[in-house]
Amino acid sequence: MPAPPVSPAYSSINRAYNSVFRPGKLSLGLVVPIEANRNNPVPTMAQHLERVQLAERLGFAAVWLRDVPFNVPSFGDAGQLFDPFVYLGLLAGQTEGIALGVASVVLPLRHPAHVAKAAATADVLSGGRLLLGVASGDRPDEYPALNLPFENRGARFRDSFDYIRRMSETAPDFANAYGQPGRGMDMLPKPVGGQLPLLITGGSQQAPEWAAAHGDGWMLYPRPPATQAQLIRNWNDRVIDAGRSPQPVMQSLYVDLLEDPEAAPRPIHLGLQTGVRYLLEHLHALEAAGINHVALNLRFNQTPVEQTLHHLADVLLPQFHS
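Residue numbers (UniProt numbering): 1 to 322.
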């Protein structure tokens, strides 16, 4: 697959955005908890902080938290258990350089004033290391628990997105479905770079043109590189049609890294089981397709986590991180 032309530099937003997303380049992060809990929807969270700190020392670009308010049995995944914004506060104080991402905050389940306040706080406390993925939510069972409708989450996503954007302004005066800030009121603190980097997850119940016109990036689900390449070409065309500068694209990838470096790939849920040689080839193919960041998820990994982290860092990071 031919490499795409290198795009002009992405807009500068904050420390995390500027380091994780580079035109024509791929960086690697990890989904938290950095733990193998393949048969249990509820992780142990053993050594959760130590493993994030190890990931930082080894040179991974980012760690990614998730917004999972309820452990829904039918879904089979309780996330990292901790509220993402509280956890961001801990990680901001216990790390120094690694980007701190959320993939993704379910906007229709939270009031946008709370999201904007908590996210800006985490951004400031971390020195501009926040990346905020946003989504409309895919767990219908959570909505009745909060007495919220599932059906109109797309419209509420747009209103919430706009509200959060406006909170970066000084004393914004506007009205939407979530409220009417005005009369000189202001929300503090302001994000380090003047705005929060908002990355739209999947479709989020929006038209593709809306996402390309508003998002600071796009989060895709894992697909073959050729499929991703076509989706990214469509994304880039829509971004250009919206009169915007290029916007980055990222995806997650479940990995079960086998000890045999030559092991052939086998599909697993949203990822692959393989040796490091094929994984390297696959990541290069994603880079050529236009992916700027891959968040590796080790939930289904069978070898010890620390061993896998060192192996990934030794073989992969020199290929993708300067």
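Quick reminder that beta carbons are idealized off the backbone N, C-alpha and C, glycines included.
Annotation for G243: no alpha helix (DSSP H) segment contains it, and DSSP assigns it neither H nor E.
When the beta-carbon positions are compared, M219 and A116 stay at least 8 Å from each other. Between H311 and L272, the gap from beta carbon to beta carbon reaches 8 Å or more. F82 is the residue among L316, F82, R158, A55 whose C-alpha sits nearest the C-alpha of V68. Taking a 10 Å sphere around the C-beta of F174, we find fewer than 16 other C-beta atoms and assign the residue as exposed. Residues of the same chain with their beta carbon placed closer than 8 Å to that of N147 are lacking, with the five preceding and five following residues left out of the count. Straight-line spacing of the CA atoms in N297 and R156 works out to 29 Å. Between N71 and P41, the C-beta spacing is below 8 Å. When the Cα atoms are used, Q319 and E151 turn out to be separated by approximately 44 Å.
Beta-bridge pairing by DSSP links V249 to W218. Straight-line spacing of the CA atoms in S322 and Q53 works out to 20 Å.
For H293, the enclosing beta strand (DSSP E) starts and ends at 293-297. Secondary structure at Y10: coil, using DSSP grouped into helix, strand and coil.
Contact check for G93 and G193: beta-carbon distance about 20 Å, past the 8 Å limit, so the pair fails to qualify.
8 Å or more divides the Cβ of L91 from the Cβ of V134.
Between S160 and Y178, the C-beta gap is smaller than 8 Å, which places the two residues in contact. Under the three-pair Cβ rule at 8 Å, the stretch 284-298 counts as touching the stretch 225-243. For V134, the enclosing beta strand (DSSP E) has its first and last residue at 130-135.
S252 sits buried, since 16 or more C-beta atoms from the chains shown fall within 10 Å of its C-beta. Burial check for E56: the Cβ neighbour count within 10 Å reaches 16 or more, so the residue is buried.
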